[in-house]
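Written below as C-alpha cells is the structure these notes are about.
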Amino acid sequence: MARKIRFPLEMSDGAKVRDIEELKNHFSLESMLGYLANGKLITWLKDRYHDDIVQQILALDNTSPDYRRDFCGIFGIEYMEEENEAEKYAKRLALLKEYTDNDEYLDVIDFIAFSQEELYDLLDEEDIDTVYLCGTSFSIPLGRENMTYIGINQPTVVIHNATADSLNEKHIFFENVAMQNDTLSQNIRNEIPSLPQKENISTPPQKEIITEDKDTSYGEYCQSYVGIMLPVQERINAQKLYESLSLQMPNIHYHIDDDIRDLRESIRESGIIGMAKNFPAISS
Amino acid sequence: MSNDMRMIKFETLIKDLEEKLRHRLFKKTNSFFRFNKKNLALALIYDISEMNDFAKVIYENTGYLFAQEWTEKYSALGEENNRVKMNAGKEFVRIARNDTDQRYAHKFLFWALMVLAVDDKNKEEYLSLICDYARMLNVSDSEVMELVNIVKLVFQDNSAKKVSNANVRSTFDELLKKYEPAVFHR
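Residue numbers (the working numbering), protein chains in the order written: chain A, 16 to 299; chain B, 7 to 192.
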C-alpha cells in the first residue's frame, strides 16, 4: 500500500509542526486560522486521526465574539486578547508613575520612550521633533535631525561617532540626560549645545482634533464573515483592493446641492429674484 | 432646502440610476428572475437597521434583479445573523458567477459603494466586506476602481474620469450616457 504523505504546518515562528504536541508548542492563532480557512488544518488533523478536534472546530460559531478564545481552548491554549488603546494608555501611565509624579508629563505621554524600541518607533513619526526619555539608557541615532531629547529620570544617553559640531549641525539637543559610554560622547559632554529652557522647548505636535468635519480617512482592513470563505491568496488580494479603495472613497463627497449650485448662482445673478415687486399688478 | 425635499431629490436620483441599470438587466429577464422591492443583496454587507436615511433610500429603491429562489429564501436577510448571511452569500456568489458578463456582480458592488459614499458609519468593516465580495465574485480590481469612478460621476466629482473598461461600460452604458456628459461637458 502506498504510504500516505502527511504534510507539516508551518507556524509563524518558522517551525514546521508534524504532530499535535509540536502544534501546541508553536501555536500561532493567525497561522492556524489561515490554515483553517484554506482547509489545510482540517486535512492535517484528519491525517493524524484527530477527528474529535475536527468535530469541535466545526461546531464552533465563527460569528461568536468568543470564537478565537474557543478555538484556542480546543488546543488547550490560553487566548491572549490584544490590548486595546485604553489598556495601553493605562500601562504607560503606570510605568510613568514609577519614575515621576510630575503631572506635566501626562500631556506628552504619547511622546515618551520607555525603551529603545519605543524610541525608534517614535522616531519613525515624521512630525515629531521632541522625544521624552524615561528609562535607564538610550542610544541616540544621528540619522534623525532636528530633534530634542528630554530626559524624565535623567537617563544615560549613548551617542556613537558624534562631535559637538556634528550635533550642532544636525540640530540635535538634549536636556536632563547623562552622557556616557562612547569616547567621543564623553569628549563632547561639556560641549553639548546649550540646552533650551523647558518653557522654550517646542511642544510635541498634538494630534489634530477635528470637531466639525468627520474623519473621512479609512483605518485597517477588517476580517469579515466572508473573508473566512476566501482562500488565503484571495484574502491578501482583498486587502490590497481595500487599501486602494480606502484612498479613493474619502474623496467622494456627496452634497445634495452640487448639481444645482451653478444654476442657482446664475439665477441669483440674473436679478430676477424680487424683480416683480415693481410690476404694477404685484406692487399695487 | 428642507430635509424632506433633500430626501425626495435623492430618491429621484437613485430611482433614475436604477431605471438606467434595469434597462440593461431587463434584456436578460426571464421567469427565473424577478425584481425585488428592496435591494436584499445589500444586507449581505450592511446592517440595514444602522443605515442612515440616504443609505436606506438606496436599499429600498434599487430592487435587485436576482434569482427568485434566492430572493424568497432570504427575504428577511436584513434581520438574519452572520451564519445565515454566510450561506446567503455563498449562494449569491454561486448564482452571480453564472452570469458570464458579471452585470449582477457589477451592480451589486456599485450599489454597495454608493451606500458607502453617503453613509460612512463602520466604513472599514463595510469596505472590507465589499472587497471580500469583489474577490469572491471574480470582479477585477480595475473593474472595482471603475465602479468607484462611476460613483464619482454620479456625484459629479471633479476627479471622475471616463469609464474605459468595456465590461463595466456594458453594464452601465445607459447610466453613463447621462452622467458622463454631466461631468465632462460642464
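For each residue, glycine too, the CB sits at the ideal point set by N, CA and C. Here the structure is a predicted model, which is why all the values come from computation and not from measurement.
The beta-carbon distance between A/ASN53 and A/PRO246, rounded to whole angstroms, is 5 Å. This is short enough to meet the 8 Å contact definition. Between the C-alpha atoms of B/VAL90 and B/MET57 there is a straight-line separation of about 20 Å. Secondary-structure assignment with DSSP links A/VAL146 through a beta bridge to A/TYR164. Residue pairing of A/VAL32 in beta bridges, as defined by DSSP: A/LEU24. If you look at A/SER261, you'll find it in the alpha helix (DSSP H) that goes 247–263.
If you check the CB distance, B/VAL169 and B/LEU182 come in under 7 Å. Listed along chain B, the residues sitting closer than 9 Å to A/THR78 by beta-carbon distance are ASN87, ASN88, ARG89, LYS91, MET92. Just so you know, the alpha carbons of A/ASP85 and B/TRP117 end up roughly 36 Å apart.
For B/ILE156, the uninterrupted alpha helix (DSSP H) run begins and ends at 147–160, by DSSP.
Separation of B/ASN93 and A/GLU25 (C-alpha to C-alpha, rounded to the nearest whole angstrom) is 30 Å. Taking the C-beta atoms as reference points, A/ILE127 is found nearer than 7 Å to A/TYR147. Under the three-state reduction of DSSP, B/THR106 is assigned to coil, being neither helix nor strand. With the criterion set as a beta carbon lying under 8 Å from some beta carbon of chain A, the members of the stretch 132–166 of chain B are LEU133, SER134, LEU135, ILE136, CYS137, ASP138, TYR139, ALA140, ARG141, MET142, ASP147, VAL150, MET151, VAL154, VAL157, LYS158, PHE161, GLN162, ASP163, SER165, in sequence order. Scanning chain A for C-beta atoms nearer than 9 Å to the C-beta of B/GLY84 yields nothing, as the closest lies near 15 Å away. In chain order, PHE153, ILE155, VAL192, MET194 place their CB closer than 6 Å to the CB of A/VAL172, counting only its own chain and leaving out the 5 sequence neighbours on each side. For A/THR58, the uninterrupted alpha helix (DSSP H) segment begins and ends at 55–62.
Residue pairing of A/GLU190 in beta bridges, as defined by DSSP: A/ILE165. Annotation for A/PHE42: no alpha helix (DSSP H) segment contains it, and DSSP assigns it neither H nor E.
Within the DSSP bridge table, the entry for A/SER154 names A/VAL173 as partners. For A/ALA74, the secondary structure class from DSSP, reduced to helix, strand or coil, is coil. In the DSSP assignment, A/ALA52 forms no beta bridge with any residue. Distances from the alpha-carbon of A/SER43 to those of A/ASP81, A/LYS103, A/GLY88 put A/GLY88 closest. In the DSSP assignment, A/ILE124 forms no beta bridge with any residue.
Proximity to B/LEU50 across B/TYR139, B/ASN155, B/ASN171 peaks at B/TYR139, based on C-alpha coordinates. Here DSSP, grouped into helix, strand and coil, assigns B/PHE16 to helix.
Looking only at B/ASP163, B/SER165, B/MET151, B/GLU78, the smallest Cα-Cα distance to B/ARG175 is reached by B/MET151. Distance from the Cα of B/GLU17 is smallest, within the candidate group B/ASN45, B/ALA47, B/GLU66, B/LEU46, for B/GLU66. Residue contact check for B/ALA123 against chain A: a CB pair falls below 7 Å. B/THR177 sits in a helix when the DSSP states are folded into three classes. Not a single CB atom of chain B sits nearer than 7 Å to the CB of A/GLY49. Listed along chain B are GLU130, each with a C-beta nearer than 7 Å to that of A/GLY234. Taking the Cα positions, A/LYS255 is about 20 Å away from B/MET120. When the Cα atoms are used, B/ARG12 and B/ASN164 turn out to be separated by approximately 22 Å.
For B/GLY69, the closest Cβ of chain A is not nearer than 7 Å. Inclusion of B/THR68 and B/ASN45 in the CB contact set at 7 Å is warranted, their separation being smaller than that value.
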